[in-house]
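Residue numbers (our numbering): 646 to 990. Think of the CB as a built atom: it goes at the ideal place given N, C-alpha and C, for glycine as much as any other residue.
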Ligand SMILES: [Zn+2]
Ligand SMILES: [Zn+2]
Ligand SMILES: [Zn+2]
């Protein structure tokens, strides 16, 4: 989802459709964008008119939560609001139904904007440790809250930074999308982890971490509670994963001292990427366990087999027809070399 969708007109419920071949769900927006809008320059809001800046709260949808300065109720530090034009909406029922041979349902869920700072234009790596800690706390509190809704299966927190990564706003924000189905990419990871556990009775992520620490050549950075490394078979050059050393399937169960440490390693890694590529675009997202409530039995080993993590994907726009057609990626910089550059940055 692009930031530019924030400013589109309000519409009724969007629709989710299932690809019968791949089992992947897509969201079809109620209001179709005409061809001319695809070539329009993105509408960034300038600081003078930005509805996400402090003092212009009235121009944004009603606040869901915030972290405020102690003793000053007007001064928010992070703030969560519904998306200006949400793809997933909380009101309504799922309305699962057939459509000829196909399956569809209503786009129930949540779509929120996490405003990371009152300061317009501040890059994520320069938020500062205190502020980054508050951002991570905000992520955690939102996922914890949405997990209670039995209609929802998954909450994805993600960030778009830079034009190539779909960001339009210069105000620092992250996004949240809560969906009534588990997204395919997440499902593949969950299934892979479950299979590995069934075979070896060990968490694959804990094994990967042990292996990476043993070999050392793909490790970028290590803190007390986390490690950052370039995965052995990354999809993109300079792809970086940040993983907690303590086994835990849910990001929501992160401890206070781990939050500060995560802020440290995330800021540090983003700073390193920025120092190698001045104008870098990237996405990052958190992969955590799905909501287990509706199908508890299916996930009986989840607590042991899955391990939450954050993935950073630099966006260099060098994906070709080969990658799209085959799902087979070509790494123009090896993970060993990428981590060496990042270690030394
Ligand atoms: Zn702003
Ligand atoms: Zn683990
Ligand atoms: Zn993942």
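For ligand 1, the residues with a Cβ under 5 Å from any of its heavy atoms are, in chain order, 695, 697, 698, 765 and 816. In this structure, residue 907 keeps its C-beta atom at 8 Å or more from the C-beta atom of residue 854. The closest heavy atom of ligand 3 lies less than 7 Å from the beta carbon of residue 932. Shown here for residue 926: same chain residues with a beta carbon closer than 7 Å to its own, the five before and five after excluded, namely 806, 807, 808, 809, 810 and 960 in chain order. Per DSSP, the continuous alpha helix (DSSP H) segment holding residue 680 begins and ends at 680–683. The alpha helix (DSSP H) runs lying completely inside the segment 772–802 and spanning 4 residues or more are 774–791, given in chain order. Residue pairing of residue 673 in beta bridges, as defined by DSSP: 660.
The bridge partners DSSP lists for residue 841 come to none. Going by C-alpha positions, residue 790 is about 23 Å away from residue 946. Here DSSP, grouped into helix, strand and coil, assigns residue 910 to helix. Collapsing the DSSP output to three states places residue 818 in a strand. Your pair residue 796 and residue 835 does not check out as a contact, with CB atoms roughly 19 Å apart and the cut at 8 Å. Using a Cβ-Cβ distance cut-off of 8 Å, the segment 724–738 and the segment 749–763 are in contact, since at least three pairs of beta carbons, one from each stretch, lie closer than that value.
Residue nearest to residue 893 within the set 967, 859, 877 and 847 is 847 (criterion: CA-CA distance). Remark: the shortest separation between the CB of residue 956 and any heavy atom of ligand 3 falls under 7 Å. Per DSSP, residue 967 is not a residue of any beta strand (DSSP E); the alpha helix (DSSP H) it occupies stretches across 966–971. With fewer than 16 other beta carbons inside 10 angstroms of its own, residue 720 counts as exposed. Residue 842 has its Cβ no nearer than 7 Å to any heavy atom of ligand 2. Counting of Cβ neighbours within 10 angstroms places residue 859 among the exposed residues, the total staying below 16. Contact between residue 817 and residue 762 holds, with the beta-carbon distance rounding to 5 Å and staying under 8 Å.
724 is the residue among 724, 929, 692 and 717 whose C-alpha sits nearest the C-alpha of residue 706. Here residue 747 is bridged, per DSSP, to 744. Per the C-alpha coordinates, the member of 658, 667 and 760 positioned closest to residue 676 is 658. Within the segment 693–717, the complete beta strand (DSSP E) runs of at least 3 residues fall at 710–714. The chain-ordered list of residues whose CB is nearer than 7 Å to some heavy atom of ligand 2 reads 848, 850, 851, 892 and 952. Closest in alpha carbon position to residue 954, among 678, 722, 831 and 692, is 831.
With contacts defined as CB atoms closer than 8 Å, residue 968 and residue 930 fail to qualify as a contacting pair. For residue 834, the shortest C-beta to heavy atom distance toward ligand 3 is below 7 Å.
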